[in-house]
Amino acid sequence: MPCSLSPSCSSDGDRALLGAVADARPAIVVSDSFGRPWRNGIVNVAVGAAGIEALLDLRGQPDAAGREMKATVSAIADELASAADLAGGKVEQQPVVVVRGFAWRPSEAGASVLVMEPERDLFR
Numbered sequence: 001m002p003c004s005l006s007p008s009c010s011s012d013g014d015r016a017l018l019g020a021v022a023d024a025r026p027a028i029v030v031s032d033s034f035g036r037p038w039r040n041g042i043v044n045v046a047v048g049a050a051g052i053e054a055l056l057d058l059r060g061q062p063d064a065a066g067r068e069m070k071a072t073v074s075a076i077a078d079e080l081a082s083a084a085d086l087a088g089g090k091v092e093q094q095p096v097v098v099v100r101g102f103a104w105r106p107s108e109a110g111a112s113v114l115v116m117e118p119e120r121d122l123f124r
């Protein structure tokens, strides 16, 4: 896909530019609104990501009650996209939201890891 059409490629470029300007290694999440099956309303989800682990696999970790989590994989990039939409507003036309204080893990995998494998996807 041409870089101009790829959110992950665009986020890589944005990350490099912001990093040079701010003398930092930021992570970038590009988001868009998304409707969900069986739910009213829309949320923002990540369509591109650079420099951040988009999924956090918590399987095998203990939950708050000490039980081993068997299925929990948190969509960190999607959660950040939704939080940024709340902070920036849907109609305020604020194209960038800076999130500080979130302990993120670096990764170069991008947002493609958020897309469910076809054999597990019930809606294709």
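Read in order, the letters of the sequence shown correspond to residues 1 to 124 in my numbering. We treat Cβ as the ideally placed atom computed from N, Cα and C, and that holds for glycine.
According to DSSP, is residue i part of a helix, a strand, or is it coil?
i, result
"Pro2", "With a pLDDT of 41 at Pro2, under the threshold of 50, the modelled position of this residue cannot be trusted; read the value that follows with caution. If DSSP states are grouped into helix, strand and coil, Pro2 belongs with coil."
"Ala103", "coil"
"Val96", "coil"
"Gly88", "helix"
"Val115", "coil"
"Arg120", "helix"
"Ala209", "The question about residue 209 has no answer, for the chain in this structure spans 1 to 124."
"Gly13", "helix"
Between residue i and residue j, how many whole angstroms is the CB-CB distance? I'm expecting something under 8 Å.
i, j, result
"Ala49", "Val29", "5 Å"
"Ala54", "Ala77", "4 Å"
Are the Cβ atoms of residue i and residue j separated by less than 9 Å?
i, j, result
"Gly88", "Pro95", "yes"
"Gly51", "Pro26", "yes"
With distances taken Cα to Cα, identify the nearest neighbour of residue i among the options.
i, options, result
"Phe102", "Asn40, Ala64 and Leu80", "Leu80"
"Leu58", "Thr72, Ala46, Arg67 and Ala65", "Thr72"
"Ala83", "Glu68, Ala46 and Arg105", "Ala46"
"Ser107", "Asp85, Trp38, Leu56 and Phe34", "Leu56"
Those runs of the beta strand (DSSP E) which lie wholly inside the segment 15-79 and span at least 3 residues: Counting only runs of 3 or more, we get 28-35 and 42-50.
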